[in-house]
Amino acid sequence: MGKREGSVVFEDHFPAMVEKLGAEGFVNELCKGFRLLMDSDKELITLESLKKNSAVLGLDVDDDQQLRSMLDQGDLDGDGCLNQMEFCVLMFRLSPSLMNPPTNLLFRD
Numbered sequence: 003m004g005k006r007e008g009s010v011v012f013e014d015h016f017p018a019m020v021e022k023l024g025a026e027g028f029v030n031e032l033c034k035g036f037r038l039l040m041d042s043d044k045e046l047i048t049l050e051s052l053k054k055n056s057a058v059l060g061l062d063v064d065d066d067q068q069l070r071s072m073l074d075q076g077d078l079d080g081d082g083c084l085n086q087m088e089f090c091v092l093m094f095r096l097s098p099s100l101m102n103p104p105t106n107l108l109f110r111d
């Protein structure tokens, strides 16, 4: 992730990770990422845990509203937090090339 003219630029490395690790290895890495960001007591990614661990992501975010927006994008059950499934779904949504044919890397033989 890099900055360009005041905005955040997302570089999608997920397809290369799937090629290298395979589908199962990639999902395992997503789960590790979730555990790095989660609140260990609640086993959820909360606003507080995301704020605390945002440096792990390389984010320089000092606005709680931006972090809240990130959580809201993936919060499917409306609890204001991300569980592991919501986190993984969000990561897939951020990399549409993982699911779009003909480069559907996760469901290859």
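Here the sequence shown is numbered in my numbering, starting from 3 and rising by one per residue. Heads up, the beta-carbon is just placed ideally off N, CA and C, and yes, glycines get one too.
Across the structure, residue 91 and residue 76 are spaced so that their CA atoms are roughly 7 Å apart.
Residue state for residue 92 is assigned as helix, using DSSP reduced to three classes. The beta carbon of residue 19 sits closer than 7 Å to those of 28, 31, all from its chain and outside the five residues before and after it, given in chain order. The beta carbon of residue 86 sits closer than 6 Å to those of 36, all from its chain and outside the five residues before and after it, given in chain order.
CA-to-CA, the gap between residue 97 and residue 49 works out to about 23 Å.
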